[in-house]
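Undergrad:
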Amino acid sequence: MKPDFGIEKAIYLQIAESIEDDILQHIIEEEAQVPSTNQMAAMYRINPATAAKGINRLVAEGILYKKRGIGMFVSSGAVSKIRSKRKSAFYEKFIVPLMVEAFQLGMSKEEVSALISGEGEAVK
Amino acid sequence: MTQSKPILETKGLCKSFGSVQAIQDISLRFEAHGIYGLLGRNGAGKTTLLNIISSRIYADHGSVFCLGKEISNHPDVIARNCCYMPEKHYFPGALSVQRLFALAQKSFPDYSVAAEARLCRIFDLNIKQKYSALSRGYQSIFRIVLGLASNARITLFDEPVLGLDAVARDRFHRVLIESFSANPRLFILSTHFIEESADLFNEAIIIDQGRVIRQAPVDALLANAFSVSGKTARVDTFSENYNVLGSETLGGMKTVVVEGGETPAAGMPGLKFSPLTIQKLFIHLTASSKEQESQP
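The listed protein sequences correspond, in order, to chains W and R.
Everything in the first sequence is counted per my numbering, starting at 1 for the first residue and increasing by one.
Everything in the second sequence is counted per my numbering, starting at 1001 for the first residue and increasing by one.
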């Protein structure tokens, strides 16, 4: 079934991220084959060029690699590559919006930390 | 897309019907392998353009080149390479679907009987029926099956999903992509289902009042437009540097839709930025200024 793509970012980035999610969750293992560009395009009802752009991005980052005449495979070490890439984006993507909302609500850093560490139930 | 030699090119096409200027100065290039979405409001000139490209009618001015040949001097080039599935049918209604497919097979050298049979199964099209007995939706399905099975190098669909339910539209999108992947060729399709079909396109062509106002990949159009809201004075200052497509005020707050740059990555205090859907952008580009006032 076609997932609902969000409008926050380009479809090819969402394709790349959904493959990364599958790798992180071990739905696709390292050294396993990923669906072809054409299979992905048909499954998601998107232009094959868009699917290719998403896959090529992962190839450029060394997360996928091409076996000539066979298809695309997940590189060994892809999981740790994706983890370190996403960790470096974690602050901007999750902590900043978290603190913006906390600021709007008049919450202190300490209150937020307490919630994260599980000691902040009383705040609710 | 790369600037390789186009398979199809229009130069300065103009066409009037009486006092109505249907299209004006339309110059477009189409690559040999691509799915192009032709978007425009009713009466924008989409069908007129497709009718001219397919040699169904002639332009008052301008030319169409197919494989480098001017089509009014080389009608055979279009006849051999172009399959046009217009919204208004001209098929003899007394003939069965099966008979019409057999005629199509003679017209298109790369016609695939296997694809025809497979598509009939997918869409549950009864080939024994007379064309005139088909419902609106099944007439659309008939055109889809024929257009895809033709394997023509240039396939034009005018409103292919008219009258189709959501399941059939979704199936069309799937089989279109499958057919294009298996045999890359040129598709031009007009549609009012903008949001649903936008992801299929290599490029969107937006026509308004007979003129091409945008031709670009959908991603590129969306990366270049966004909406911004905040206090009126703040929003007005910000939007001075952009092409403002529409605006709306509510109390002291204002929301404007702008084009001409990417959303500022760092954000700005007091301003809220939001991305647009292609449909929203289309509405802002093509609603006339009088209608725009009531357009949120």
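Just so it is clear, CB atoms sit at the ideal spot from N, CA and C, and this is done for glycine as well.
Just so we're clear, the structure is a prediction, and the values are computed from it rather than from any experiment.
1. Give the DSSP bridge partners of Leu1038/R, in chain order.
2. Straight-line CA distance for Ile1205/R to Thr50/W?
3. Three or more beta-carbon pairs under 8 Å between the segment 1260-1280 of chain R and the segment 1220-1232 of chain R, yes or no?
4. Check the Cβ of Glu92/W against every Cβ in chain R and list those closer than 8 Å, keeping chain order.
5. How should Tyr1111/R be labelled, buried or exposed, when 16 other C-beta atoms within 10 angstroms of its C-beta is the threshold for buried?
6. State the Cα-Cα distance for the pair Glu110/W and Ser117/W, rounded to the nearest angstrom.
7. Leu98/W to Gln104/W, Cα distance in whole Å?
8. Where Gly1093/R and Ser1054/R are concerned, what is the direct C-alpha to C-alpha distance, given to the nearest angstrom?
9. Quick one: is Leu1200/R near chain W, going by C-beta distance under 8 Å?
10. Note down the Cα distance separating Gln1129/R from Val1097/R, rounded to an integer number of angstroms.
11. Beta carbons nearer than 8 Å to chain R: which residues of the segment 91-117 of chain W have them?
12. Whole-angstrom Cβ separation of Lys53/W and Tyr12/W, contact assumed at under 8 Å?
13. Report, in whole angstroms, the separation of the C-beta atoms of Asn1151/R and Asn1126/R, which I expect to be a contact under 8 Å.
14. Only counting the same chain, and skipping five residues up and downstream in sequence, which positions put a Cβ closer than 7 Å to that of Ala1233/R?
15. Counting contacts by CB-CB distance shorter than 8 Å, is Ile1035/R in contact with chain W?
16. Ignoring anything shorter than 3 residues, give me the beta strand (DSSP E) runs that lie fully in the segment 1196-1249 of chain R, in order along the chain.
17. Looking at Glu1248/R: is its Cβ nearer than 8 Å to the Cβ of Thr1255/R?
18. Can you check whether the C-beta of Ala10/W is within less than 8 Å of a C-beta belonging to chain R?
19. Given that His1173/R touches chain W, what residues does it touch there, using C-beta distances under 8 Å?
20. For my contact list, Asn1224/R and Glu1259/R are in at a C-beta cut-off of 8 Å; report their separation, rounded to the angstrom.
21. Taking the CB atoms as reference points, tell me whether Leu1162/R and Phe1172/R lie closer together than 8 Å.
22. Comparing alpha-carbon positions, which option in Gln1105/R, Gly1043/R, Ile1007/R and Phe1017/R lies nearest Phe1065/R?
23. Going along the chain, which unbroken runs of the beta strand (DSSP E) with 3 or more residues stay wholly within the segment 1063-1124 of chain R?
24. Which bits of chain C does Glu1178/R rub up against, with CB to CB less than 9 Å?
25. Are Asp1208/R and Gly1040/R touching if we call contact CB-CB under 8 Å?
26. Identify, in the order they occur along the chain, each residue of the same chain with its Cβ nearer than 6 Å to the Cβ of Ala32/W, setting aside the five sequence neighbours on each side.
27. Identify the continuous alpha helix (DSSP H) that holds Lys1046/R and give its terminal residues.
28. Within its chain, find whatever has a CB closer than 7 Å to the CB of Cys1063/R; leave out the 5 residues flanking it on each side and keep chain order.
29. Could you list which residues in chain W have their beta carbon closer than 8 Å to that of Asp1165/R, in chain order?
30. Does Asp1219/R get closer than 8 Å to chain W when you measure Cβ to Cβ?
31. Assuming Gly1037/R and Leu1189/R make a contact with CB atoms under 8 Å, what is their CB distance in whole Å?
32. Once you ignore the five residues that flank Leu1148/R on each side, which residues in its own chain have a CB closer than 8 Å to its CB?
33. So, under 8 Å CB-CB, Phe1091/R and Tyr1131/R are touching, yes? Tell me the CB distance rounded to an integer number of Å.
34. Going by C-alpha to C-alpha distance, which of Arg1121/R, Ile1122/R, Ala1117/R and Glu1159/R sits closest to Arg1136/R?
35. So, using beta-carbon positions, are Asp1060/R and Cys1014/R closer together than 8 Å?
36. What is the DSSP secondary structure of Met107/W, reduced to helix, strand or coil?
TA: With the structure as the only source:
1. DSSP lists Ser1190/R and Ile1205/R as partners of Leu1038/R.
2. Rounded to whole angstroms, Ile1205/R and Thr50/W show a C-alpha spacing of 17 Å.
3. Contact between the segment 1260-1280 of chain R and the segment 1220-1232 of chain R is present, because at least three Cβ pairs lie under 8 Å.
4. The premise fails here: Glu92/W is roughly 10 Å from chain R at the closest Cβ pair, so nothing lies under 8 Å.
5. Buried, since its Cβ has 16 or more Cβ neighbours within 10 Å.
6. About 10 Å.
7. Going from the Cα of Leu98/W to the Cα of Gln104/W covers about 10 Å.
8. Their backbone Cα atoms lie some 22 Å apart in a straight line.
9. Yes, contact with chain W.
10. Taking the straight line joining both Cα atoms gives about 6 Å.
11. Listed by position along the chain: nothing, the set is empty.
12. Between Tyr12/W and Lys53/W the Cβ distance is about 4 Å, and since that is below 8 Å, they are a contact.
13. About 23 Å separates the Cβ atoms of Asn1151/R and Asn1126/R, ruling out a contact at the 8 Å cut-off.
14. Result list for Ala1233/R: empty, nothing under 7 Å.
15. Using beta-carbon distances, Ile1035/R counts as an interface residue toward chain W, with a partner under 8 Å.
16. You should have 1203-1208, 1211-1216 and 1225-1231.
17. Closer than 8 Å, so yes.
18. So yes, Ala10/W belongs to the interface.
19. For a Cβ distance threshold of 8 Å, residue set Arg45 of chain W lies close to His1173/R, ordered along the chain.
20. Asn1224/R to Glu1259/R, Cβ: 6 Å. Contact.
21. No, these two residues do not count as a Cβ contact at 8 Å.
22. Checking every option, the nearest Cα to that of Phe1065/R belongs to Ile1007/R.
23. As for any beta strand (DSSP E) of minimum length 3 sitting wholly inside the segment 1063-1124 of chain R, the runs are 1082-1085, ordered along the chain.
24. Here the protein chains are W and R, and chain C is not one of them.
25. Yes; because the gap between Cβ atoms is below 8 Å, this pair is in contact.
26. Val74, listed in sequence order.
27. Counting along the chain, the alpha helix (DSSP H) containing Lys1046/R begins and ends at Lys1046 to Ile1053.
28. The question names Cys, but residue 1063/R is Ser in the sequence shown. Hits under 7 Å: Lys1011 and Glu1070.
29. Around Asp1165/R, no beta-carbon contact reaches into chain W at under 8 Å, the shortest distance being about 16 Å.
30. Output row for Asp1219/R: interface = yes.
31. Here Gly1037/R really is in contact with Leu1189/R; their C-beta atoms are around 6 Å apart, less than 8 Å.
32. The residues are Ala1115, Leu1119, Thr1155, Val1175, Leu1176 and Ser1179.
33. About 5 Å separates the two Cβ atoms, so the contact holds.
34. Ranked by how close their Cα comes to the Cα of Arg1136/R, the residues Arg1121/R, Ile1122/R, Ala1117/R and Glu1159/R have Glu1159/R in first place.
35. Using a Cβ distance threshold of 8 Å, Asp1060/R and Cys1014/R count as a contacting pair.
36. Here Met107/W sits in coil by DSSP.
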